[in-house]
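Visitor: Protein chains in written order, with our numbering: chain L, 706 to 1091; chain A, 214 to 358. By construction, the Cβ of each residue, glycine as well, lies at the ideal position given by its N, Cα and C atoms. Okay, handing you the structure first.
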Amino acid sequence: MKQIYLDYAATTPAAPEVVQAMVPYFNEAFGNPSAIYSYGQEAKSAIEEARAKVASLIGARNEEIVFTSGGTEADNFAIKGVAFANKKKGNHIITTALEHHAVSESCRFLAKLGFKITYLPVDNAGLVDPDDVKKAINVKTILISVMHANNEVGTIQPIAEISKIAREAGVYFHTDAVQTVGHISADVNELGVDLLSMSAHKLYGPKGVGALYIRKGTKLVSFMHGGGQERGWRASTENVPGIVGFGKATEMATREMNEEAKRLTHLRDKLITEFLKKIDNIHLNGHPLKRLPNNVNISVSFVEGESMCLNMDMAGICASTGSACNSASLEASHVLLAMGLDPVKAHGSLRFTLGKWTTEQEIDKVLEILPRIVAKLRAMSPLYKN
Amino acid sequence: MYSAKVMDHFHNPRNVGEMDNPDGIGHVGNPVCGDIMELYIKVKDNVITDARFKTFGCGAAIATSSMVTEMVKGKTLEEALKISNKAVAEALDGLPAIKMHCSVLAEEALSSAIDDYLSKNPDKNTDTLRKLHKIQHKHLEEEAE
């Protein structure tokens, strides 16, 4: 049975053109980019070409892009790097209650070392209030990290406003833009950021590669020490095929992003509107307008998320849930709880994230199937009184 | 993640629904951790003649509810009280370690339903059964601590 894949926020299939671009770098142009001979130089120039493409997508200078193993490494690098480089200046970091674990766990690790972390609250749409940021800054603040858009509910944060506050206070500003780069405009100067994390496999590139944008002049400590690659920022023999793939994916995104955002917004809104019409006792999580073009997150009352996802899987639909039952920690999604959702509603949450190969027919199929699944599970639920 | 048996009980759960005039009702669970189970039993001459359930929960929760209702039908109260969460999980060809707590919920629901029946029908056997119940379910209390 052909699968209807609606979990693009988790990962995306690499575009065929991306895979094609990568192939020569496995065993033809396989040289180590640090080598003097032509095999090496060939690989080196492929990396630099990819770097230029990534820089172009976010309005950065080539030398401000450092390739990493992905978004998680970029987040770790940015947060720990700034913390350790600036600890004489201060030890206070401001972040939010709904960051990705790569950011929050990095902060928790630093807290054990004596750094003070402020986790700013969000409202019920998941938005951070720039005023809260201003109030939280003190003389010891060295970093503010707020994600560009949330991976679970799609809410887009007022980054330009917040970064202005950071700049005026002389504090570095980092944003985890893993969900936005390649999908909506993520220009480093429009956003006003010092550091920005990106991940290739979220925009039809390969897994295992990402980048950290580091604004020229930013003080941070390297994460990976060794052979001095990436101009001393990140040692390790470069993942040439991965980087080339990443470059190709960003080149395609630069071309296709705006049209694709329009197409996905239309499909997203159809899914939301029709769900609300066809199923009673459900509601949308996240901001209705300041939302990623591809994100639909709903809470379905009286039924649990994993059982909905399993039923959908049996019907060929791939989606995800914020239910506790689906997490290794047996805790409901911290994002939904931070937004004030009650735990039972968090357990009944479903996330559908659309992408490049999502068609209107697939959306129609989901609209046909989910109401039946909900009805079946509600009939079994002690919480549903007909 | 789940065995074929678990998927079968999840896809085609047995004994779903409420019961007219149940002799015992067990209600367990905690919405904060995600699962809620209601078990209804009919008892005649010390034998569980029918069992039904309603569950809010994940695949493992629904499958263990379904399996436990199958396992208790036709058993005496004494036999039913001996059904452990491990037995329910084994009957399903095992559960992932992180889902074992769902089988504990099934055992608790059964225990709670029988307890409910005993409190409504005290007789000479009640004390013996209650004592057996306490022994069998001591490990649940220990786990809860």
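Which stretch, first to last residue, makes up the beta strand (DSSP E) that contains residue 814/L?
Guide: Sequence index remark: in the first sequence, residue 814/L carries index 109 (1-based). Looking at the DSSP string, residue 814/L is not in any beta strand (DSSP E); the run it does join, the alpha helix (DSSP H), is 806-817.
Visitor: Answer yes if the stretch 717-731 of chain L comes into contact with the stretch 949-957 of chain L, meaning at least three C-beta pairs across the two stretches below 8 angstroms, and no otherwise.
Guide: They touch, by the three-pair rule.
Visitor: In the DSSP output, which residue or residues are listed as bridge partners for residue 872/L?
Guide: As a working mapping, residue 872/L is identified with position 167 in the first sequence. Residue 872/L is not bridged to any residue.
Visitor: Per DSSP, residue 710/L forms a beta bridge with which residues?
Guide: As a first step, residue 710/L must be located in the first sequence, where it is residue number 5. Partner(s): 1023/L.
Visitor: Any idea if residue 268/A is buried or exposed, counting beta-carbon neighbours within 10 angstroms, 16 or more meaning buried?
Guide: One-based indexing of the second sequence puts residue 268/A at position 55. When all chains shown are included, residue 268/A counts as buried.
Visitor: On the premise that residue 778/L lies in contact with residue 878/L, defined as a C-beta separation below 8 angstroms, what is that separation, rounded to the nearest angstrom?
Guide: Working through the first sequence from its first residue, we reach residue 878/L at position 173. Working through the first sequence from its first residue, we reach residue 778/L at position 73. That pair is no contact at about 19 angstroms.
Visitor: Are the stretch 911-923 of chain L and the stretch 1014-1032 of chain L touching by the rule of at least three beta carbon pairs closer than 8 angstroms?
Guide: No: fewer than three Cβ pairs fall under 8 angstroms.
Visitor: How would you call residue 936/L, buried or exposed, if buried means at least 16 neighbouring beta carbons within 10 angstroms?
Guide: On the first sequence, residue 936/L is found 231 positions in, with the first residue counted as 1. Exposed: under 16 other Cβ atoms inside 10 Å.
Visitor: Against chain A, which members of the stretch 1077-1091 of chain L pass a CB distance test of less than 8 angstroms?
Guide: Those would be 1084, 1085, 1086, 1087, 1088, in chain order.
Visitor: Can you tell me whether residue 1041/L is helix, strand or coil according to DSSP?
Guide: Counting from 1 along the first sequence, the entry for residue 1041/L is found at position 336. Residue 1041/L: helix per DSSP, three-state reduction.
Visitor: Given that residue 226/A touches chain L, what residues does it touch there, using C-beta distances under 9 angstroms?
Guide: Here residue 226/A corresponds to residue number 13 of the second sequence, with the count starting at 1. Here the neighbours are 1085.
Visitor: What are the residues in the stretch 844-860 of chain L lying within 8 angstroms of chain A by C-beta distance?
Guide: Answer in chain order: no residues at all.
Visitor: Can you find the residues in the same chain that come closer than 6 angstroms, C-beta to C-beta, to residue 1074/L, ignoring five residues on each side of it along the sequence?
Guide: Residue mapping note: residue 1074/L aligns to position 369 of the first sequence, counting from 1. Only 1020 meet the Cβ criterion.
Visitor: Considering only C-alpha positions, which residue in the set 1009/L, 845/L, 997/L, 771/L is nearest to residue 933/L?
Guide: Counting from one through the first sequence, the residue named residue 933/L turns up at place 228. Comparing Cα positions, the closest option is 771/L.
Visitor: Would you please state the rounded distance, in angstroms, between the beta carbons of residue 789/L and residue 926/L? I believe it to be under 8 angstroms.
Guide: For the purposes of this step, residue 789/L is taken as the residue at position 84 of the first sequence. For the purposes of this step, residue 926/L is taken as the residue at position 221 of the first sequence. Sure, about 4 angstroms apart at Cβ, within 8 angstroms.
Visitor: Using a Cβ cut-off of 8 angstroms, pull out every chain L residue sitting near residue 268/A, in sequence order please.
Guide: Reading the second sequence from its first residue, position 55 is the one you call residue 268/A. Going along chain L in sequence order, the residues near residue 268/A (Cβ under 8 angstroms) are 1085, 1086, 1087.
Visitor: Just to check my reading of the structure: residue 832/L and residue 1040/L have Cβ atoms closer than 8 angstroms, yes? What is that Cβ distance to the nearest angstrom?
Guide: Mapped onto the first sequence, residue 832/L falls at position 127. Mapped onto the first sequence, residue 1040/L falls at position 335. Contact flag wrong, Cβ pair sits at about 12 angstroms.
Visitor: Going straight from the alpha carbon of residue 982/L to that of residue 884/L, what length do you get?
Guide: Taking the first residue of the first sequence as position 1, residue 982/L is located at position 277. Taking the first residue of the first sequence as position 1, residue 884/L is located at position 179. Their Cα atoms are separated by approximately 28 angstroms.
Visitor: For residue 1015/L, decide whether its Cβ has a neighbour in chain A, counting only Cβ atoms nearer than 8 angstroms.
Guide: Within the first sequence, numbered from 1, the residue matching residue 1015/L stands at position 310. It does: the Cβ of residue 1015/L has a partner Cβ on chain A nearer than 8 angstroms.
Visitor: Kindly indicate if chain L contains any beta-carbon less than 8 angstroms away from that of residue 249/A.
Guide: Translated into the one-based positions of the second sequence, residue 249/A becomes position 36. Closer than 8 angstroms: yes.
Visitor: With a threshold of 8 angstroms between beta-carbons, can residue 229/A be considered close to chain L, or not?
Guide: The residue labelled residue 229/A in the question sits at position 16 within the second sequence. Yes, residue 229/A counts as interfacial toward chain L.
Visitor: Residues of chain L with a CB under 8 angstroms from the CB of residue 275/A: which are they?
Guide: Reading the second sequence from its first residue, position 62 is the one you call residue 275/A. Ordered by position in chain L, the residues that pass the 8 angstroms Cβ test against residue 275/A are 1012, 1085.
Visitor: Taking residue 1028/L and residue 1052/L to be in contact with their CB atoms under 8 angstroms, please state how far apart those CB atoms are, rounded to whole angstroms.
Guide: Stepping through the first sequence from its first residue, residue 1028/L is reached at position 323. Stepping through the first sequence from its first residue, residue 1052/L is reached at position 347. Yes, residue 1028/L and residue 1052/L are in contact; Cβ-Cβ is about 5 angstroms, under 8 angstroms.
Visitor: Could you have a look at residue 951/L and say whether DSSP puts it in helix, strand or coil?
Guide: Along the first sequence, read from residue 1 onward, the residue named residue 951/L stands at position 246. In this structure, residue 951/L counts as helix in the three-state DSSP scheme.
Visitor: Quick check on the burial criterion: 16 or more other C-beta atoms within 10 angstroms. Buried or exposed for residue 971/L?
Guide: In the first sequence, residue 971/L corresponds to position 266, counting from 1. Per the 10 Å Cβ criterion, exposed.
Visitor: Tell me the rounded alpha-carbon separation between residue 299/A and residue 1081/L.
Guide: As a working note, residue 299/A is residue 86 in the second sequence. As a working note, residue 1081/L is residue 376 in the first sequence. If I take the Cα positions, the gap works out to 28 angstroms.
Visitor: Please go through the same chain and pick out, in chain order, the residues whose beta-carbon is closer than 8 angstroms to the beta-carbon of residue 957/L, but skip the five residues on each side of it.
Guide: What you label residue 957/L is simply residue 252 of the first sequence in a count that begins at 1. Taken in chain order, the residues that qualify are 720, 722, 723, 909.
Visitor: Tell me the rounded alpha-carbon separation between residue 766/L and residue 759/L.
Guide: The count along the first sequence starts at 1 and reaches residue 766/L at position 61. The count along the first sequence starts at 1 and reaches residue 759/L at position 54. Answer to the nearest angstrom: the Cα atoms are 10 angstroms apart.
Visitor: If you reduce the DSSP assignment to three classes, tell me which class residue 745/L lands in.
Guide: Counting from one through the first sequence, the residue named residue 745/L turns up at place 40. Helix.
Visitor: Let me check understanding here. Comparing Cα to Cα, which of 748/L, 830/L, 1005/L, 1088/L lies closest to residue 996/L?
Guide: Here residue 996/L refers to the residue found at position 291 of the first sequence. Of the listed residues, the one whose Cα sits closest to residue 996/L is 830/L.
Visitor: Quick one: list the residues of chain A neighbouring residue 1008/L, beta-carbon separation under 8 angstroms, in chain order.
Guide: Taking the first residue of the first sequence as position 1, residue 1008/L is located at position 303. In chain order: 269.
Visitor: Tell me, please, whether the stretch 856-872 of chain L touches the stretch 809-820 of chain L by the rule of three or more beta-carbon pairs shorter than 8 angstroms.
Guide: These segments do not touch.
Visitor: Let me check understanding here. Comparing Cα to Cα, which of 986/L, 882/L, 1070/L lies closest to residue 775/L?
Guide: For this step, residue 775/L is matched to residue 70 along the first sequence. With distances taken between Cα atoms, residue 775/L lies closest to 882/L.
Visitor: Below 8 angstroms on the Cβ atoms is my contact criterion, and I expect residue 250/A with residue 241/A to pass it. Report the Cβ-Cβ distance as a whole number of Å.
Guide: Numbered from its first residue, the second sequence carries residue 250/A at position 37. Numbered from its first residue, the second sequence carries residue 241/A at position 28. That belief holds up - the Cβ atoms of residue 250/A and residue 241/A are roughly 5 angstroms apart, short of 8 angstroms.
Visitor: For a quick check, are the C-beta atoms of residue 271/A and residue 248/A less than 8 angstroms apart?
Guide: For the purposes of this step, residue 271/A is identified with residue 58 of the second sequence, where counting begins at 1. For the purposes of this step, residue 248/A is identified with residue 35 of the second sequence, where counting begins at 1. Yes.
Visitor: Report the rounded CA-to-CA distance for residue 920/L versus residue 999/L, giving the unit in angstroms.
Guide: Reading the first sequence from its first residue, position 215 is the one you call residue 920/L. Reading the first sequence from its first residue, position 294 is the one you call residue 999/L. Using only the alpha carbons, I get a separation of about 29 angstroms.
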